[in-house]
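Novice: Sharing a structure here in structure tokens format.
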Amino acid sequence: MAIDEGVAPAADTGDGEAVHRLKPNAVGLLGVVFMAVATAAPITAMTGNVPFMVSSGNGIGAPASYLVAMVVLAIFSVGFTSMAKHITSTGAFYGFISYGLGRTAGLASGLLATFAYVVFEPALIGIFSTFATTTLKDQTGIHLPWWAFAILMLAINATGTWFGISVAEKLLVALLATEVTVLAAMAVSVAFHGGGPHGFSLAPVDPVNAFKGTSAGLGLFFAFWSWVGFESTAMYGEESRDPKKIIPKATMISVLGVGVFYVFVSWMAITGNGEAEAVKAASSANPLALFFNPTERYVGHWAVDVMQWLMITGSLACGMAFHNCAARYLYALGREGVLPSLKNTVGRTHARHGSPHIAGLVQTVVSAVLIAAFWIAGKDPYNALYVLLAILGTMAILVVQAVCSFAVLVYFRRNHPESRHWFRTFTAPLVGGIAMLGVVVLLVSNMGVAAGAESGSLLLRATPWLVALVAATGVGYAQYLKRRAPERYALLGRTVLEETKER
2 MAIDEGVAPA
12 ADTGDGEAVH
22 RLKPNAVGLL
32 GVVFMAVATA
42 APITAMTGNV
52 PFMVSSGNGI
62 GAPASYLVAM
72 VVLAIFSVGF
82 TSMAKHITST
92 GAFYGFISYG
102 LGRTAGLASG
112 LLATFAYVVF
122 EPALIGIFST
132 FATTTLKDQT
142 GIHLPWWAFA
152 ILMLAINATG
162 TWFGISVAEK
172 LLVALLATEV
182 TVLAAMAVSV
192 AFHGGGPHGF
202 SLAPVDPVNA
212 FKGTSAGLGL
222 FFAFWSWVGF
232 ESTAMYGEES
242 RDPKKIIPKA
252 TMISVLGVGV
262 FYVFVSWMAI
272 TGNGEAEAVK
282 AASSANPLAL
292 FFNPTERYVG
302 HWAVDVMQWL
312 MITGSLACGM
322 AFHNCAARYL
332 YALGREGVLP
342 SLKNTVGRTH
352 ARHGSPHIAG
362 LVQTVVSAVL
372 IAAFWIAGKD
382 PYNALYVLLA
392 ILGTMAILVV
402 QAVCSFAVLV
412 YFRRNHPESR
422 HWFRTFTAPL
432 VGGIAMLGVV
442 VLLVSNMGVA
452 AGAESGSLLL
462 RATPWLVALV
472 AATGVGYAQY
482 LKRRAPERYA
492 LLGRTVLEET
502 KER
């Protein structure tokens with residue numbers, strides 16, 4: 002799956018200074034797919050989002066929401082992958098938007114994407130710590146404070162990034178395979194037994210039902226939320242064997258593969274309970290009963306115990322993947338000397354492992370500070386740390402995805418008219434961009450409900466303003482560089498492995 006061929010030589014930026022490269026040829030197609038899917042976190046998306054969608058969103062239409070989201074994200078990915086066939090950059094959105102809409106928009110988007118991935122890691126540490134504390138107490142009687150598990154996950158994430166992408170890939174493959182297996186076992190068992198107590202029903206996968214229920218907008222938002230991280234395929238381009246072919250394939254496999262899995266598993270969970278019973282289970286004091294009940298009935302009690310442990314490892318895999326993403330974005334900004342002091346610190350790679358080791362350590366410190374702040378404030382690791390930071394990061398990354406779609410339109414019109422296509426480089430990115438903006442509206446409209454117990458939180462109310470502030474900071478600083486340091490401005494988003502014609 003992975004091939005290591007040494008660390009790439011440092012490249013020249015045009016100002017006489019070298020850029021430290023990540024290790025090339027370190028990961029293949031399956032490795033990139035596994036890391037992207039791990040970022041989407043199937044078991045966390047299913048057990049964390051589906052019960053809420055069924056109880057407070059579009060009810061039994063939750064699987065249909067995943068179907069709608071899959072189609073929209075597939076359309077978005079057409080434009081995204083068209084760009085990936087031309088530009089290979091670990092900065093992904095940062096590089097794409099810089100080439101499409103210019104350096105100012107690129108830096109603003111790069112900061113937003115970095116901000117999103119930076120807060121995603123402590124968010125996942127929050128849910129990991131919650132799952133670990135609860136499961137350990139329930140199944141062994143041992144009680145440990147949640148912050149102990151937070152420290153453990155910080156250490157694991159930092160170690161994985163330090164030793165390079167190949168080590169992280171192996172860990173993520175093992176963790177992801179187990180969580181997918183147990184969810185698939187439940188779903189296949191329900192299907193094998195002819196459905197639930199009332200047999201099969203096509204109502205949960207009827208697209209019309211995605212737009213019905215108590216709050217269809219909330220259900221659709223949670224469906225899109227379940228895919229956050231799939232776009233991380235592009236940031237592994239510089240480390241993959243044949244990025245112009247691997248990244249587009251990995252992206253579409255991640256979107257469609259995860260989509261089919263989400264639709265099938267959520268459909269079988271509802272069917273396995275029975276439609277009315279599914280809503281009751283999701284609305285109960287233990288909403289995980291939506292998955293635990295059919296798992297126990299059709300697979301066995303042992304599978305419920307295993308599922309609880311895999312919820313821990315699944316959130317660990319997701320947090321590890323987001324740590325990798327954050328480290329690579331910090332590295333991408335650092336190697337271009339966005340701030341002069343960053344180039345030989347955050348912008349360096351490990352001499353032996355070719356990893357963004359310093360950027361990874363910086364990300365670990367930032368995550369630790371955020372976690373400590375929530376702990377000192379006495380906040381709950383799930384209701385506050387996970388939910389609030391996940392909403393904040395999701396809003397930021399959705400804005401960047403929308404901007405990237407519009408960047409595709411401009412990029413091909415200006416730079417590669419010979420590769421323009423009515424669907425791939427015009428219709429798909431246009432529809433994808435508008436759809437992503439629509440999802441942002443869904444998020445803003447349903448933030449209070451999504452935040453649950455923290456609906457009155459100051460951080461939640463400040464979320465749109467924080468996202469706007471980060472973007473404005475990028476715009477302002479880019480304009481400052483343009484006037485005061487044009488040589489550094491010229492490098493923004495331009496350190497790529499290659500920018501070439503599609504093949």
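Every position in the sequence shown, counted from 1, becomes a number in my numbering once 1 is added. Every residue, glycine too, gets a C-beta built ideally from N, C-alpha and C. In this text, all values refer to a predicted model and were calculated from it rather than measured experimentally.
Rounded to whole angstroms, what is the Cα-Cα separation between Y299 and H194?
Specialist: Using only the alpha carbons, I get a separation of about 8 Å.
Novice: In chain order, what residues of the same chain lie with their CB nearer than 6 Å to the CB of A472, ignoring the 5 residues before and after it?
Specialist: Cβ neighbours of A472 beyond the five flanking positions: A109, L113.
Novice: Among E297, M54, T91, whose alpha-carbon lies nearest the alpha-carbon of G494?
Specialist: G494 has its Cα closest to that of T91, out of E297, M54, T91.
Novice: Tell me, to the nearest whole angstrom, how far the beta carbon of V367 is from that of V119; I am working on the premise that it is less than 8 Å.
Specialist: At roughly 6 Å, the Cβ-Cβ gap stays under 8 Å, so V367 and V119 are in contact.
Novice: Would a C-beta distance cut-off of 8 Å place A270 and G58 closer than the cut-off?
Specialist: No, the Cβ-Cβ distance between A270 and G58 is not below 8 Å.
Novice: Helix, strand or coil: which one does DSSP assign to G494?
Specialist: Note: G494 maps to coil in three-state DSSP.
Novice: With a CB to CB cut of under 7 Å and the five nearest residues on each side skipped, what residues in its chain are close to M154?
Specialist: Closer than 7 Å at the Cβ level, and outside the excluded window around M154, lie I126, F129, L317, G320.
Novice: Can you grab the Cα-Cα spacing for the pair P208 / K483, in whole Å?
Specialist: Approximately 48 Å, taken between the alpha carbons.
Novice: Could you check the C-alpha separation between A46 and V264 for me, to the nearest Å?
Specialist: The straight-line gap from Cα to Cα measures roughly 12 Å.
Novice: Using 8 Å for Cβ pairs, my map puts A553 next to I76. What's the rounded Cβ distance?
Specialist: Outside the shown range of the chain (2 to 504) lies residue 553, about which nothing can therefore be said.
Novice: Keeping to the same chain, check which residues put their C-beta closer than 7 Å to that of V347; ignore five residues upstream and five downstream.
Specialist: The answer, listed in chain order, is L331, Y332, G335, I359, A360, V363.
Novice: State the start and end residues of the unbroken alpha helix (DSSP H) segment that holds N50.
Specialist: Its alpha helix (DSSP H) spans residues 43-57.
Novice: Taking only beta-carbon atoms, is H199 less than 8 Å away from chain C?
Specialist: The structure shown contains no chain C; it holds only a single protein chain.
Novice: Does DSSP put R485 in a helix, in a strand, or in coil?
Specialist: It is helical.
Novice: Please state the DSSP three-state secondary structure of T89.
Specialist: Reduced to three states, the DSSP call for T89 is strand.
Novice: Using beta-carbon positions only, say whether V400 and V441 come within less than 8 Å of one another.
Specialist: Yes, the pair counts as a contact, with Cβ atoms nearer than the cut-off.
Novice: One question on the structure: do V409 and G96 come within less than 8 Å of each other, judged by their Cβ atoms?
Specialist: Cβ atoms of V409 and G96: not closer than 8 Å.
Novice: Since H302 is in the alpha helix (DSSP H), which residue starts that stretch and which ends it?
Specialist: Segment 302-336, the alpha helix (DSSP H) holding H302.
Novice: On the criterion of 16 or more Cβ atoms from any shown chain inside 10 Å, does K138 qualify as buried, or is it exposed?
Specialist: Classification of K138: exposed, given that the 10 Å Cβ count is below 16.
Novice: Got a sec? Which residues, its chain only, sit under 8 Å from F424 by beta carbon, not counting five neighbours each side?
Specialist: These residues qualify, in order along the chain: V79.
Novice: What three-state label does DSSP hand S241 in the structure shown?
Specialist: Correct three-state label for S241: strand.
Novice: Does the beta-carbon of H144 have 16 or more other beta-carbons within 10 angstroms, so that it is buried, or is it exposed?
Specialist: Exposed, since its Cβ has fewer than 16 Cβ neighbours within 10 Å.
Novice: Under 7 Å Cβ to Cβ from A378, same chain only, skipping five residues before and after it: list those, please.
Specialist: Same-chain partners within the cutoff: there are none.
Novice: Under the assumption that P123 contacts L444 (Cβ atoms under 8 Å), give the Cβ distance between them as a whole number of angstroms.
Specialist: With 8 Å as the limit, P123 and L444 do not qualify as a contact, their Cβ atoms being about 19 Å apart.
Novice: For A322, which option in E239, V229, A133, V280 has the closest C-alpha, if you only look at C-alpha atoms?
Specialist: Of E239, V229, A133, V280, the residue nearest in Cα terms is V229.
Novice: Figure out for me which residue from I152, E276, L219, V476 has the closest Cα to the Cα of S202.
Specialist: Taking only the C-alpha atoms, the option nearest S202 is E276.
Novice: Closest by CA to L177, which one among I398, V34, L30?
Specialist: Nearest option by C-alpha distance: V34.
Novice: Can you grab the Cα-Cα spacing for the pair A37 / P146, in whole Å?
Specialist: Approximately 30 Å, taken between the alpha carbons.
Novice: Quick check on this structure: which residue in F407, A93, S420, M437 has the alpha carbon closest to the alpha carbon of T395?
Specialist: If we check each option's Cα against that of T395, M437 comes out closest.
Novice: Note down the Cα distance separating R421 from M84, rounded to an integer number of angstroms.
Specialist: Rounded to the nearest angstrom, the two C-alpha atoms are 11 Å apart.
Novice: Candidates C326, A27, L173: which alpha carbon is nearest A39's?
Specialist: When each option's Cα is compared against that of A39, the closest is L173.
Novice: Are N274 and N294 close, meaning C-beta to C-beta below 8 Å?
Specialist: Result yes, Cβ atoms of N274 and N294 sit closer than 8 Å.
Novice: Alpha helix (DSSP H) containing M396: first to last residue?
Specialist: Its alpha helix (DSSP H) spans residues 388-415.
Novice: Answer with buried or exposed for W466, where buried requires no fewer than 16 other C-beta atoms within 10 angstroms of its C-beta.
Specialist: By the neighbour-count rule (16 or more Cβ atoms within 10 Å), W466 is not buried but exposed.
Novice: Express the C-alpha separation of A451 and A65 in angstroms, rounding to a whole number.
Specialist: So the alpha carbons of these two residues sit roughly 19 Å apart.
Novice: Tell me the DSSP secondary structure of V339 in three-state form.
Specialist: Residue state, collapsed to three classes: coil.
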